[in-house]
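The next block holds one structure in the form of structure tokens; read it before the comments.
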Amino acid sequence: MRLHDLFDIYAQAVKEMGVMVAKRTPQDELTTRKNPMDHLPIFLDLKGKKVIITGGTMVAARRVEMALRAGANVEVFAPQLDGEFDGFLDNANFKHHTGSVSTTDLTDCVIAYGGTGNEAADKAFADMARAAGVLVNVADDFENCDFITPSIVDRDPLVIAVSTGGTSPILARTIRARLEVMLPASYGDLARFVGNYRDAAMKKLKAGSARLRFWEAVTTGPVADRFLAGDEAGATEQLNAELEAAVAGTERPKLGEVYLVGGGPGDPDLLTFRALRLMQLCDVVVYDRLVGEGILNLVRRDAERVYVGKMPQQHIVPQQDISQMLVNLAKQGKRVLRLKGGDPFIFGRGGEEIEALAAEQIPFQVVPGITAASGCSTYAGIPLTHRDHAQACVFTTAHGRDGVLDVDWDVLLRPNQTVAIYMGLSNTPHLCKGFIQRGADPDLPVAVIDNGTRPTQRVITATVSTLCDVLKDANFKGPAMIIVGTVVNLREKLSWYKTNMGSMHADYSSDDMKEWVSKGE
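Following our numbering, the numbering of the sequence shown begins with 137 at its first residue and continues without gaps.
Structure below.
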């Protein structure tokens, strides 16, 4: 979208509020712009073309790597190469010269890099290259750069270059890192996939506006979703149907999709890249009590929010109604984010929900999350397995389908294993009594982790015989994980997460973070 297109949208919005805004043109933008661009962004085709680089340093090696990735024939002039070049030595497009570079060497060279780290030598090389009509870049020497190398997000054939004109490379690198988070690695494959249909769309859709609508539907709709989820056959079928509908001028019935996403135990930093991407695509989010505010703030800002949270003994929305809600919303053509705490397939009832979706042939995808046992124990400094303590770990829940405690004690009481108990806070007296009655050592260590991985995390340690008394004064509200086993004794040495680190989490509710996340809308 061009700048004046954005201005038109803005002007229309302001007009609807009763304020008139003069229409701007591209020429207006040129004449009123405070600062001209320092550099013209271009992408060079270097396949089979010569690139000269001087220096055997790490900086020079990074230039070699990028040029080789672009298909160039790279010649390096340096008395010796450091270890960073080891991976290039067998490349057929790489050649090393131990002598000095000459003007003759620059014949047919497209671009050149000076990377010796010697200011005088690099300047002399830059002068030589310019005299030969070759564009040159000298590392960390802005005055001797005819071009600059941007920070690159590589999703070949999709490539994004970020530059600050040499004024702040660290800022460019930071922005690139944020783009890396927003763009899954498979976007390059998606670009190739839709590119295979470019000629067919050009032939069948004569009007440019029709092609535009078609490609917008493909790249932002179910076709892209299915491809990125690994369903290339489904994406192909959907794309062909979309193309035929566009040719016929008909609108296909919209069928939405459900994203079953694990939000992890609470710390937003523990989200996966795919989870964050789908959180920005959804039209509506259906979430429960275990999803913290920091994570919910990362969901697309204008998405409808539906709370279906459950408290112990207080199921606001019955599970079967939640499953039906997902089906109904998808049949309305909406992209539905079912956001769960932890992992949806570990005591998250995710299997029940996608059974309902599969029965109605609703497209869905599942994104795992870090389960509470792993995340909470890690943040509490308690390894679930350890060669000296536990060679196995059992996950169990203190709640059955009807809320009845149903524990397989024979499995839980095996030696040299850790027991991680979900949703056990209200049933702690029954658990401790059961452990002791069935032969467990009354001094067996136990930890309870309340609000694990969050700034409000609290941890208490006790034994199965003393836990109930210790919990009386703790006033834990949950969500909480109970860890049973001798690995709990390691907490005193291995505890690393301090709740005074809350500032690093508070960033996720800041206006700046919300603004950045909203860019994915």
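Built from N, CA and C at the ideal position, the CB exists for glycine as well.
No experiment lies behind these values; they were computed from the predicted model shown.
- Counting along the chain, no alpha helix (DSSP H) covers residue 595; the unbroken beta strand (DSSP E) around it starts and ends at 594-599.
- When the five nearest sequence neighbours on each side are left out, the beta carbons in the same chain lying within less than 8 Å of the beta carbon of residue 182 are those of 203, 206, 207, 208, 246, 247, in order along the chain.
- In terms of Cα proximity to residue 268, the closest of 220, 173, 239, 497 is 239.
- For residue 511, the closest alpha carbon among the candidates 619, 193, 393, 243 is that of 619.
- Under the 10 Å beta carbon count, residue 500 is surrounded by 16 or more other beta carbons and is classified as buried.
- The beta carbons of residue 469 and residue 390 sit about 3 Å from each other, so the pair counts as a contact at 8 Å.
- Residue 221 is classed as buried because its beta carbon has at least 16 other beta carbons within 10 Å across all chains shown.
- In the structure shown, residue 525 falls within a coil segment according to DSSP collapsed to helix, strand and coil.
- DSSP assignment within the stretch 373-416 yields the following whole alpha helix (DSSP H) runs of 4 residues or more, N-terminal first: 409-415.
- Rounded to the nearest angstrom, the gap between the Cα atoms of residue 572 and residue 579 is 10 Å.
- Around residue 480, the same chain offers 396, 398, 486 as residues with beta carbons nearer than 6 Å, after the five sequence neighbours per side are excluded.
- Taken atom to atom, the span from the alpha-carbon of residue 603 to that of residue 502 is near 37 Å.
- Cβ-Cβ distances below 6 Å link residue 522 to 623 in the same chain, with the five nearest sequence neighbours on each side left out; the list follows chain order.
- Taking the Cα positions, residue 279 is about 52 Å away from residue 516.
- By a beta-carbon distance limit of 8 Å, residue 418 contacts residue 439. Their separation comes to about 5 Å.
- The DSSP assignment places 564-573 as complete runs of the alpha helix (DSSP H) inside the stretch 550-574, in order along the chain (cut-off: 4 residues).
- Residue environment: residue 186 is assigned as buried (16 or more neighbouring CB atoms within 10 Å of its CB, all protein chains considered).
- The distance from the Cβ of residue 534 to that of residue 563 is about 4 Å, consistent with a contact at the 8 Å cut-off.
- Just measuring C-alpha positions, the residue of 173, 376, 493 sitting nearest residue 336 is 376.
- Annotation for residue 579: no beta strand (DSSP E) segment contains it, and DSSP assigns it neither H nor E.
- Around residue 527, the same chain offers 552 as residues with beta carbons nearer than 6 Å, after the five sequence neighbours per side are excluded.
- Remark: C-beta atoms of residue 473 and residue 427 do not approach each other more closely than 8 Å.
- If you draw a straight line from the Cα of residue 306 to the Cα of residue 286, it is about 11 Å long.
- For residue 393 against residue 358, the beta-carbon gap comes to about 6 Å, under 8 Å, which counts as contact.
- Counting of Cβ neighbours within 10 angstroms places residue 215 among the exposed residues, the total staying below 16.
- Out of 370, 365, 188, 284, the CA that lies nearest to the CA of residue 411 is found in 365.
- Annotation for residue 352: the continuous alpha helix (DSSP H) segment containing it runs 344-356.
- In the same chain as residue 275, and ignoring 5 residues on each side of it, the C-beta atoms closer than 6 Å to its own belong to 195, 251, in chain order.
- Cβ neighbours of residue 616 within its own chain (closer than 6 Å, five residues either side excluded): 561, 584, 586.
- Residue nearest to residue 233 within the set 223, 254, 210 is 210 (criterion: CA-CA distance).
- Shown here, residue 481 sits in coil according to DSSP, grouped into three states, outside any helix or strand.
- Boundaries for residue 324: no beta strand (DSSP E) harbours it, while the alpha helix (DSSP H) harbouring it runs 323-331, taken from the DSSP string.
- A straight-line Cα-Cα distance of about 24 Å links residue 184 and residue 193.
- For residue 287, the enclosing beta strand (DSSP E) has its first and last residue at 287-291.
- Here residue 452 is exposed. Its C-beta has fewer than 16 other C-beta atoms within 10 Å.
- Secondary structure remark: continuous alpha helix (DSSP H) runs of at least 4 residues inside the stretch 267-319, in chain order: 305-318.
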